[in-house]
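2 protein chains.
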Amino acid sequence: MAKQRKSKVMRPQARPPKGFRDYFGSEVVDRNAMLEAVTGIYHRYGFDPLESPAVETVEALGKFLPDVDRPNEGVFAWKEDEAGWIALRYDLTAPLARVYAQFRNDLPLPYRRYAVGPVWRNEKPGPGRFRQFFQCDADTVGSGSPAADAEMCMMLADILEAVGIRRGEYIVRLNSRTVLDGIMNKAGILDPDRPEAAAQRRATVMRAIDKLDRLGADGVLALLGTGRRDESGDYTPGAGLAENEARVVMDLIAPADGRGDGAGRVRAALSDGDAGGRDVLEIEKLVRDQGYGPDRIMIDTSVVRGLGYYTGPVYEAELTIMAADARGRPQQFGSVAGGGRYDGLVRRFTGQDVPATGVSLGVDRLLSALRAGGRAAQGAAEAGSGPVVVTVMDRDRLGDYQAMAAELRSAGIRAEVYLGNPKNFGNQLRYADRRNSPVAVIEGSEERSRGVVLVKDLVAGRQIAEVIDTSAEWKSQPAQFEVRRDGFVPEVLRLVDAFRLPPEELQAELARRRDFYLGRL
Amino acid sequence: MAKQRKSKVMRPQARPPKGFRDYFGSEVVDRNAMLEAVTGIYHRYGFDPLESPAVETVEALGKFLPDVDRPNEGVFAWKEDEAGWIALRYDLTAPLARVYAQFRNDLPLPYRRYAVGPVWRNEKPGPGRFRQFFQCDADTVGSGSPAADAEMCMMLADILEAVGIRRGEYIVRLNSRTVLDGIMNKAGILDPDRPEAAAQRRATVMRAIDKLDRLGADGVLALLGTGRRDESGDYTPGAGLAENEARVVMDLIAPADGRGDGAGRVRAALSDGDAGGRDVLEIEKLVRDQGYGPDRIMIDTSVVRGLGYYTGPVYEAELTIMAADARGRPQQFGSVAGGGRYDGLVRRFTGQDVPATGVSLGVDRLLSALRAGGRAAQGAAEAGSGPVVVTVMDRDRLGDYQAMAAELRSAGIRAEVYLGNPKNFGNQLRYADRRNSPVAVIEGSEERSRGVVLVKDLVAGRQIAEVIDTSAEWKSQPAQFEVRRDGFVPEVLRLVDAFRLPPEELQAELARRRDFYLGRL
């Protein structure tokens, strides 16, 4: 028995590690198209690309993620015999700090770079939460100017519009860590004589404020006070503020009359000496000077952006359009990008503070928003996105079929010869349908003897198959026509070119074709 | 003393792990441009993109690299508590086998995909040899047809021409493992009654043949016979063939009269029953039918492609142009891409053989060939590749300067405001030079009062600085001119647009400008 089991072949599971996934076809194409638009804006603003390796030494990477409280959490790290501990990068900012420290004598100052690529988090995966995902960042290292922060906010607005989000469907919200400190000072809740207790309370208050969008004012109020029990029965202890203290905080982050006058609340929160928070007002002035109104960029004193490495202004781009979630319920997309100033990140290497500010785009999040809103290439255009398939009627003539595919490609048409077993012709057409092919080209011996080929309009064929219901009718195969072998390329081009039309025109063209073919029945 | 040491701040080294590197600016831009051309060809041939994660389970990844003999060598792998052993992918083929096995019921058959991305090898780094590098693959899974192999060879030729290698500067060499076996049978050097000894000798002979390009016929002859001592004195034992046996092998892989008639040598090597090797002849016929002559694709019976997973036809694209190596010595670039048929890779998961064939591009290798040949965007065009820099003369007017940059960007010009400390104007111009900026725009209070801005032609300025040798002359700053503030954008555009010209026209335009400015001195 034991022997038998041993001799049984153990096959590996065909599965990626838990929390990782594959991206197919249009998922990759759409993302690349979006990233090209985004990096096009970064480039236009003067940023240069940088590509650092996927791994860094644990030492260089440091021990903090931008959005979590606890150190050294959520990183894939392992020990190499020679190299010591190395780790997969968890974001694109920590490697930037390393690169800047390493090459600071050779790099222009300020150093303005953008970076695109995967990052890895060793966290519990969940629905829609993966352990490898894309980020797309731009940072200015070596400038403390509010103009650098203002540029980030304007660039975020430009990026969202460049990828297809309309004005009014997003908002860039701006705040500063110093404003949040000013609010807490105003409420008198941080005891300067007990710095440790004050730091802890500060963290608890900021965590509470960070939940405003999710829990609403009542939820935050509870978390500022005694604590809050959620629907599941879980209890989160509060910051222990007295009711009047909590009121001061709430009035400065989410007043009952709406969050309109952010600048006014910033001024109310700051004492005369708080130079830091004034940066936010200067940034607001700069973006207004450029014509970016409150419909695009606004101060929102409730923006926190986690407890990570930010030291001054923080900003967050949020989609305000609603979309259906996985269960069809309307849902706000929320934050798709954000960033801020982090003046301390290079110090770890050099001992000197280097001012820096930057943005990071949640690539997968933004892409799913675009797809949900129908802004990514999909639908009708995808129906014809596959290659033209030249079918194989006679396997001794593969060379002729490859020549036909080559002619199509020379005309700019995506095309291939069917390379599976050609015996079953139905399989060839099923393959073409599965590939979203717009057209199949058929040349049997009979067609060949007459010097013609059959051009099969697969998209129209699929649509007709949906409206006519007897297989007898279908057998007459209306959605195809004969053309001369020496003139078939322009005919295929005509059918394929339609898929480059704007969606409405494409729909009209497909309806026209359908009617034409059906009229011949 | 011990305590003092302890209190000293230990700073991390600002360095990537050994064998890893960063890519800056034009290195990234050039590679992306090249990859876009390559994937454009893959797409045109009908392949769909696939992006699998960087990590796989060690189990799924399997234990062999394509080009090395020993199993489980050269992979970055580590143990995660929950997930078990996981590893960074060492190529793009092993993940493809996993994806195909996992999704085979949902994927079209044949499944044709391309993939681009980094792979990792835990090998000793050396000059120009890094532990993370790019691959760019296309594979057809589920087709045993020689037409699928022929397509790969033709696609390799098309790719090299698409990225700028001219016809005649490359050759795609084609062979088959079964031809190599036929050659060894012909020489009578594998004893069928002693399969283990035969397998070992087969490996030694193939390793010897694989070194033909590097060591020449004499070196291979030595390795087929008693062995070879290299210049350093290291000794490599040979396969132990008798001289007449080795002669048979040599005549079939590298006859004294040149390697011209590959098909003839294939026929000479094969007995009537060797169906496999005939594939090579069929592939040759197919590519000839498409007009790919021996100047682009040729049979070469000495092609081996390592001892990895290939089971039938193998192919290799080689650059035949010479280029200077790091020390300026002429050097052949050699292989930049290759591939072959590997029918056994999916069996590990499913127990069934699935025919598959594919190519892999050595991205960094091909890119350095392009750069060495001046085919990648460089030189004169790079001199103006940076952003137009709007300088800061008055830090209270940052908003005005940002508005100028925004106007330039609206006209499609890459532009930014100088965001460093504006106090030292020389630093601003040095920054622009370091960024390869084509133009700096200057508006001080004096210019502002007159409604003008200064447009500084930085590329011409740099060139003039090289030809005139007194700083006194230089101080007259000829390479700049005044324009109206409300009409400065078209003037900048005129200067910047030149960098989109073909190299010769750009050179002529720059010479014209230089003469114009110098004429004003």
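Protein chains in written order, with my numbering: chain A, 1 to 521; chain B, 1001 to 1521. Even for Gly, the Cβ is constructed at its ideal location relative to N, Cα and C. All values reported here derive from a predicted model rather than from experimental measurement.
Counting contacts by CB-CB distance shorter than 8 Å, is Q1102 of chain B in contact with chain A? yes
In chain B, which residues lie with their C-beta within 8 Å of the C-beta of E522 of chain A? Residue 522 of chain A falls outside the range modelled here, since chain A spans only 1 to 521, and no answer is possible.
Can you check which of these residues, B:A1263, B:P1490, B:Y1517, is closest to K1285 of chain B by C-alpha distance? B:A1263
Between A:F333, A:P16, A:Y42, A:A217, which lies nearest to Y170 of chain A when the distance is taken from Cα to Cα? A:F333
Which term fits P192 of chain A, buried or exposed, when burial requires 16 or more other beta carbons within 10 angstroms of its beta carbon? exposed
List the residues of chain A that P1108 of chain B touches, going by C-beta distances under 8 Å, in chain order. Y431, R434, R435
Inter-residue spacing [alpha-carbon to alpha-carbon] between R1514 of chain B and G1164 of chain B: 31 Å
For G1362 of chain B, report the span of its beta strand (DSSP E) as first-last. 1356-1362
Considering only the alpha carbon of each residue, which of B:M1206, B:S1176, B:D1289 lies closest to D1299 of chain B? Strictly speaking, residue 1299 of chain B in this sequence is Ile, with Asp absent from that position. Nearest of B:M1206, B:S1176, B:D1289 to I1299 of chain B, Cα basis: B:S1176.
Beta strand (DSSP E) segment containing A115 of chain A, residue limits: 111-120
Assigned exposure category for W120 of chain A - 16 Cβ within 10 Å defines buried: buried
Using only CA atoms, which one of B:Y1292, B:V1303, B:A1256 lies nearest to L1554 of chain B? Because residue 1554 of chain B is not part of the residues shown, which for chain B are 1001 to 1521, the question remains open.
Strictly below 7 Å CB to CB, what residues from chain A border A1406 of chain B? Q290
Looking at the secondary structure, which residues open and close the beta strand (DSSP E) in which Y310 of chain A lies? No beta strand (DSSP E) holds Y310 of chain A; DSSP gives it neither H nor E.
Is the beta carbon of Y1045 of chain B sitting closer than 8 Å to the one on E1151 of chain B? yes
If distances are taken between C-alpha atoms only, which option among A:R462, A:D433, A:F425, A:A432 comes closest to G444 of chain A? A:F425
Can you name the residues of chain B whose CB is closer than 7 Å to the CB of T140 of chain A? L1419
Residue interval of the alpha helix (DSSP H) (run including V492 of chain A): 488-497
Beta-carbon spacing of F24 of chain A, R131 of chain A below 8 Å: no
Could you confirm whether any beta carbon from chain A is found closer than 8 Å to the beta carbon of R1512 of chain B? no
Interface residues of the region 1342-1368 of chain B facing chain A [CB-CB below 7 Å]: R1348, F1349, G1351
For the beta strand (DSSP E) containing K1186 of chain B, name the first residue and the last one. Unbroken run through K1186 of chain B is the alpha helix (DSSP H), 1177-1186; no beta strand (DSSP E).
Assign T1301 of chain B to one of three DSSP states: helix, strand, or coil. coil
So T1391 of chain B is in the beta strand (DSSP E); what residue range does that whole segment cover? No beta strand (DSSP E) holds T1391 of chain B; DSSP gives it neither H nor E.
Determine which residues of the region 1489-1516 of chain B have a Cβ less than 9 Å from any Cβ of chain A, and write them out in chain order. none
At least one CB of chain B closer than 8 Å to the CB of S143 of chain A: is that the case? yes
Cα separation between R70 of chain A and G308 of chain A? At R70 of chain A, the pLDDT of 45 sits below 50, so the modelled position is not reliable; the number obtained from the coordinates is stated separately. Going by the C-alpha atoms only, they are around 9 Å apart.
For the putative contact between L493 of chain A and V359 of chain A, defined by C-beta atoms under 8 Å, what is the C-beta separation to the nearest angstrom? Contact flag wrong, Cβ pair sits at about 42 Å.
Contacts that A148 of chain A makes with chain B (C-beta to C-beta distance below 8 Å): L1419
Residues that Q135 of chain A contacts on chain B, provided the C-beta gap is smaller than 9 Å: Simply none; closest approach about 14 Å.
Is it buried or exposed, M34 of chain A, if we count other Cβ atoms within 10 angstroms and call 16 or more buried? buried
What does DSSP give as the partner residue(s) for P438 of chain A in the beta ladder? DSSP lists no partner for P438 of chain A.
I need the boundaries of the alpha helix (DSSP H) containing I464 of chain A, first residue and last residue. 458-467
Assuming R1113 of chain B and D1091 of chain B are in contact, meaning their beta carbons sit under 8 Å apart, how far apart are those beta carbons, in whole angstroms? That belief does not hold up - the Cβ atoms of R1113 of chain B and D1091 of chain B are roughly 14 Å apart, past 8 Å.
Counting only beta-carbon separations shorter than 8 Å, does Y1309 of chain B have a partner in chain A? no
Kindly provide the ranges of any alpha helix (DSSP H) runs that are 4 or more residues long and lie completely inside the region 1152-1224 of chain B, ordered along the chain. 1177-1186, 1195-1210, 1212-1224
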